[in-house]
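The sequence shown begins at 37 in the working numbering and counts up by one. Have a look at the structure below, then the notes.
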Amino acid sequence: MAATLLLTHRGGKTRTVRPGFSWFAFLLPMLWAISEGLWRPFGFALLGGAFTKFSIDAYRSSGAALVAIAGLLGYAVLMFLFGWFGKKWLVADLLKHGYVEQSLPVAEPTTNRLAESGPG
């Protein structure tokens, strides 16, 4: 399990990011990118969606199934890229905009005092 990253800005803003796969970025790449303020990935997702739409339109007009399959597979690859690398892109963008990575305080492990004391 990856540790949560704490990023702080001089202005007092803080962001926490849990590295790893992002289901939101995978399922809705355009909405995720725009909600995080990542304009370049949003543009790539928009182009991927447009390419998929045009490939499906080409299939409907000419019957070229290979073009439609290529468009759908291309968008599936785009979704996986956003799922796997989206949070890395987010952290890189935050660091570029002046955020600094801080260490999170580590909680002390708790013991079960009832189990230690035994019955009685």
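For glycine and all other residues, C-beta sits at the position ideal for the given N, C-alpha and C. These figures come from a predicted structure and were not determined experimentally.
- Query: Where residue 122 and residue 97 are concerned, what is the direct C-alpha to C-alpha distance, given to the nearest angstrom?
  - Reply: In the sequence shown, residue 122 corresponds to position 86, counting from 1. In the sequence shown, residue 97 corresponds to position 61, counting from 1. Going from the Cα of residue 122 to the Cα of residue 97 covers about 35 Å.
- Opening and closing residue of the alpha helix (DSSP H) in which residue 88 lies: As a working mapping, residue 88 is identified with position 52 in the sequence shown. Where residue 88 is concerned, the enclosing alpha helix (DSSP H) stretches over 75–98.
- Got a sec? Which residues, its chain only, sit under 6 Å from residue 114 by beta carbon, not counting five neighbours each side? Here residue 114 refers to the residue found at position 78 when the sequence shown is read from its first residue. Excluding positions up to five away in sequence, the list reads 84.
- Nearest CA to the CA of residue 109: which residue from 127, 124, 89? In the sequence shown, the residue the question calls residue 109 occupies position 73. Here the closest residue by C-alpha is 89.
- Message: Rounding to the nearest angstrom, what Cα-Cα distance links residue 51 and residue 117 in this structure?
- Response: In the sequence shown, the residue the question calls residue 51 occupies position 15. In the sequence shown, the residue the question calls residue 117 occupies position 81. For residue 51 and residue 117, the distance between alpha carbons rounds to 22 Å.
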